[in-house]
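Residue numbers (my numbering), protein chains in the order written: chain Z, 78 to 237; chain H, 6 to 206. The next block holds one structure in the form of structure tokens; read it before the comments.
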């Protein structure tokens, strides 16, 4: 199956942006990643098994693009995270605090945490998207959770 | 009703939205230089430079030139080979007048910021133990970072960056904000860190 690029953009751009932001921590770079990902989709003739397959493919491409941006020495238009957060409308101080503490995690933990809690992927699905082993995913998830628990205390539930 | 972690997470990150306009006309081949070129005065005071061999070159007027930049343009490695004689000249410049620190101090805590990271390393480093971080750039070079403490104060930190090429050969590195003895050996955390990453110097 395929859907046209405009529909894919409408449907997935916020998810791609969120995933890219977890790696770049910079809205301008994350926007570039979304653009590049959708362009790549636009130019490929690949057929997808279903919408889940398409979504996972887009996320994988976006994450790899974002990692490439991060590895580049040339990163433009960087806005300090705290400044960017002031432009966002959080529902509560707890949400804002959670956002900040996640962004303070190392990159490899951030993206695993995001795919698990935001995209609701299983360990196996996260491993496939990131191209790492299940045990590696479990370790990153476990350490990321522990670091969040240490920072957020009662705002973060144990063993979830 | 108590929210689950997933619900909390989704609420917190639902504020992220991509820009609405995504033109499919944009050229995918837009150039984005990997290594930003800046002009520096070459100075080396207070910084040790170590070099091993390396390969991978481009041609320039009868010479094959290989150039690698460290993070923040703190260090430039240049290897020039004369295509006629085969003689190779290797040079590292450490930009001590404009070094970008890989560490920020906030609220008396140390944060490692290289490569877009923001890692609280306060409890991870000491005078005997280095914090180690590595990443691979787009050219396949692996950058190893070491950060340690030279004394008890938060401001008493030092650091080093060491680069290995895609073939696994060390091409160079430097350390800054740390004392070296007459044999070029650094403080305990630095030497322990170099041993850990396998840097032969």
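Beta carbons: idealized from backbone N, C-alpha and C, even for Gly.
Using a Cβ cut-off of 8 Å (strictly closer), state whether residue 106 of chain H contacts chain Z.
no
Alpha carbons only, please: which of Z:228, Z:162 and Z:94 is nearest the one belonging to residue 191 of chain Z?
Z:94
Within the 8 Å Cβ cut-off, does residue 121 of chain H reach chain Z?
Taking Cβ atoms only, chain Z reaches closer than 8 Å to residue 121 of chain H, which makes this a yes.
Strictly below 7 Å CB to CB, what residues from chain H border residue 213 of chain Z?
Near residue 213 of chain Z there are no residues of chain H at all, since even the closest Cβ is about 16 Å away, more than 7 Å.
Once you ignore the five residues that flank residue 149 of chain H on each side, which residues in its own chain have a CB closer than 6 Å to its CB?
139, 167 and 202
On a Cα-Cα basis, can you pick out the residue from H:108, H:170 and H:17 that is closest to residue 136 of chain H?
H:108
Quick one: is residue 121 of chain Z near chain H, going by C-beta distance under 8 Å?
no
Kindly say whether residue 223 of chain Z, judged by its beta-carbon, lies nearer than 8 Å to any beta-carbon of chain H.
no
Measuring straight from C-alpha to C-alpha, what distance separates residue 173 of chain Z and residue 146 of chain Z?
25 Å
Does the beta carbon of residue 91 of chain Z come closer than 8 Å to any beta carbon on chain H?
yes
List the DSSP bridge partners of residue 83 of chain H.
H:72 and H:96
Let me confirm a value: residue 113 of chain Z is counted as buried when at least 16 other C-beta atoms fall within 10 Å, else exposed. Which label applies?
buried
Would you call residue 113 of chain H buried or exposed, if buried means 16 or more other Cβ atoms sit within 10 Å of its Cβ?
exposed
Same chain, Cβ closer than 7 Å to residue 79 of chain Z, neighbours up to 5 away in sequence not counted:
124 and 125
Can you pull the chain Z neighbours of residue 23 of chain H, defined as C-beta to C-beta under 8 Å?
Near residue 23 of chain H (Cβ distances below 8 Å), the residues of chain Z are 90, 91, 93, 94, 107, 108 and 111.
Considering only DSSP beta bridges, list what residue 114 of chain H is partnered with.
Partner(s): H:111.
I'd like the list of long-range same chain contacts for residue 117 of chain H, defined as Cβ closer than 7 Å, with 5 residues on each side in sequence excluded.
Closer than 7 Å at the Cβ level, and outside the excluded window around residue 117 of chain H, lie 107, 108, 124, 126, 136, 138 and 152.
Local Cβ density within 10 Å of residue 200 of chain H, reported as buried at 16 or more and exposed below that
exposed
Residue 23 of chain H and residue 102 of chain Z closer than 8 Å at C-beta:
no
8 Å Cβ cut-off: residues of chain H touching residue 166 of chain Z
20
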